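Down below is the structure, laid out as structure tokens.
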Amino acid sequence: MANVAIPGSLPGSRTANRAWRALGTARRYPIFPVAILLLVLVFPAIFAEWVAPHDPVVGSLSGRLAPPFWVQAEGEGIFATPGGTTEHLLGTDKQGRDILSRIIYGARISLTVAAISILLAGTIGTTLGLMAGYFGGNFDHLVMRAVDICLSLPAILFALVLAVVLGPSFQTVIIVIVSIFWSRYARLVRGETLGIKSQDFVARARVAGASNFRIISRHVFPNVVNTIIVLATLEVGQVILLESTLSFLGAGLPRPTPAWGLMVADGRELLVTSWWLTVWPGTAILLSVLSMNLLGDWLRDRLDPKLRNV
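To convert, count from 1 in the sequence shown and add 1; that's the working numbering.
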């Protein structure tokens, strides 16, 4: 009888198993996603004045479109292309502004937009979700119909309309994001509240004479905090992506603000010859969104008792 190869004994299977175990370990303990997040987003955003080597909005036309420092000069005469220098590690844009400095300051803008938007959207959505789920009745129907309307609105089209009415600005981006994301908190918190208010400890608190405000604040809200934290963490990446998209389309932050979406939009016409104009801000968006999604997924596994025991 011929010998049958066992999958575990195939060449390279040990390496694949080790890689799979390493991936599982990284998922359980997201050291790398958190490190990338701190490196790309948080630390540069906080210490931008000390970390950025140049002013993000001041450039020099004599040094425009300089490539990254490792790119060497090519050609001779009028057809020569300049090489990169260590003065501008990631190159310069069409106005001679340092790409690295603009990415660092863009991290501060993205983090500020995400923090303010999620704080406002979470506060509005959580409050309405708690009240709708606890009191029910006509108020619940009114809130849920408003949630359905918000979820049915196309975000990009809604942002373009507001940009035409209000003009591209920081406030416009905040209004658009809050108007879209509050409904997600309201729907999720309302569903959690419907299950919690039927529990015995809520009934005992009601019999003991506790007011509705005390029941909501002391008994219902603490039981939905974990869900809110996980949702807020997962939505940081979505907010950054939406803000970059709005800025790319001209409905977000105005120029010369060093926003990642604007940097990608400014370099799209020179993608073939000056690839660094779009690759570096695009990489910053990718790493930020990916790290926040992985961190949110890990928090969900850790904070959810059902998933924690799996």
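We put the CB at the ideal spot given by N, CA and C, even for glycine.
Since the model is a prediction, treat every value here as computed from it, not as a measurement.
So who's on the other strand from Thr284, going by DSSP bridges? DSSP, once it has assigned bridges, lists no residue as partnering Thr284.
Among Ala49, Ala147 and Ala122, whose alpha-carbon lies nearest the alpha-carbon of Val177? Closest in alpha carbon position to Val177, among Ala49, Ala147 and Ala122, is Ala122.
Specify the secondary structure class of Phe56 as computed by DSSP and reduced to three states. For the sequence presented, residue 56 should be read as Asp rather than Phe. In the structure shown, Asp56 sits in coil (DSSP, three-state: anything other than H, G, I, E or B).
Beta carbon of Gly138, beta carbon of Lys198: below 8 Å? The answer is no: Cβ separation not under 8 Å.
Let me check understanding here. Comparing Cα to Cα, which of Leu296, Ile286 and Arg301 lies closest to Ile110? Measuring C-alpha to C-alpha distances from Ile110 to each of Leu296, Ile286 and Arg301 identifies Ile286 as the nearest.
Pair within 8 Å by beta-carbon distance, Ala49 and Tyr106: In this structure, Tyr106 lies closer than 8 Å to Ala49 by Cβ.
Quick one: is Thr274 buried, meaning 16 or more other Cβ sit within 10 Å of its Cβ, or exposed? By the neighbour-count definition (other C-beta atoms within 10 Å, threshold 16), Thr274 is an exposed residue.
Are the Cβ atoms of Gly268 and Gly262 separated by less than 8 Å? With respect to Gly262, Gly268 sits apart: the two C-beta atoms are not nearer than 8 Å.
Using only the alpha-carbon positions, how far apart do Arg103 and Ile241 sit? So the alpha carbons of these two residues sit roughly 16 Å apart.
Report the residue from Ile216, Gly192, Gln200 and Gly60 whose alpha carbon sits nearest the alpha carbon of Thr127. Ranking Ile216, Gly192, Gln200 and Gly60 by Cα distance to Thr127 puts Gly192 first.
Apart from the five residues just before and just after Leu101, which ones in its own chain have a Cβ nearer than 6 Å to its Cβ? Excluding positions up to five away in sequence, the list reads Leu90 and Leu91.
Among Val114, Arg256, Ser248 and Met264, nearest to Ile157 - alpha-carbon criterion: If you compare the alpha carbons of Val114, Arg256, Ser248 and Met264 with that of Ile157, the shortest gap goes to Ser248.
Thr86 by DSSP, collapsed to three states: which one? In the three-state DSSP reduction, Thr86 falls in the coil class, being neither helix nor strand.
Based on Cα-Cα distance, which residue from Gln200, Leu272, His55 and Gly85 lies nearest to Arg98? Comparing Cα positions, the closest option is His55.
From what residue to what residue does the alpha helix (DSSP H) around Asp141 run? Unbroken alpha helix (DSSP H) run through Asp141: Gly138 to Ser153.
Straight-line gap, Lys95 to Thr284 (C-alpha atoms, nearest Å): Pairing Lys95 with Thr284, the inter-Cα distance amounts to about 19 Å.
Which word fits Ala6, buried or exposed, when buried means at least 16 other C-beta atoms lie within 10 angstroms of its C-beta? With a pLDDT of only 46 at Ala6, under 50, the local geometry of the prediction cannot be trusted, and no value is derived from it.
Residues in the same chain with beta-carbon distance under 6 Å from Ala233, minus the five sequence neighbours each way, listed in chain order, please. Ile119 and Gly123, listed in sequence order.
Residues in its own chain within less than 7 Å of Thr87 by CB, not counting five upstream and five downstream? Cβ within range, chain order: Phe70.
Where do the ends of the alpha helix (DSSP H) carrying Ala46 lie? First-last of the alpha helix (DSSP H) with Ala46: Phe44 to Ile47.
By Cβ distance below 7 Å, which residues in the same chain neighbour Phe171 in space, the five residues on each side in sequence not counted? For Phe171, where only same-chain residues beyond five positions count, the Cβ hits under 7 Å are Leu254.
Comparing C-alpha positions only, which one of Asp298, Ala209 and Val237 sits nearest to Leu42? Selected option, being the one with the closest Cα: Val237.
Nearest neighbour of His220, chosen from Ile230, Gln200 and Val35 [CA to CA]: Comparing C-alpha distances from His220 to each of Ile230, Gln200 and Val35 shows the shortest one belongs to Gln200.
Please work out which residues of its chain come closer than 6 Å, Cβ to Cβ, to Pro259, disregarding the five sequence neighbours upstream and downstream, and give them in chain order. So the list reads Pro57, Arg103, Tyr106 and Gly107, once near-sequence residues are dropped.
Provide the residue span of the alpha helix (DSSP H) that contains Arg185, from first to last. Per DSSP, Arg185 belongs to the alpha helix (DSSP H) from Phe171 to Ile197.
Output needed for Arg215: all residues of its chain with C-beta closer than 8 Å, excluding positions within five of it in sequence on either side, in chain order. Ala206, listed in sequence order.
Give me the residue from Leu278, Ile125, Gly60 and Phe136 with the minimum Cα distance to Tyr186. The residue with the shortest Cα to Cα distance from Tyr186 is Ile125.
Nearest-angstrom Cα separation, counted from Ala116 out to Leu300: When rounded, the distance between both Cα atoms is 18 Å.
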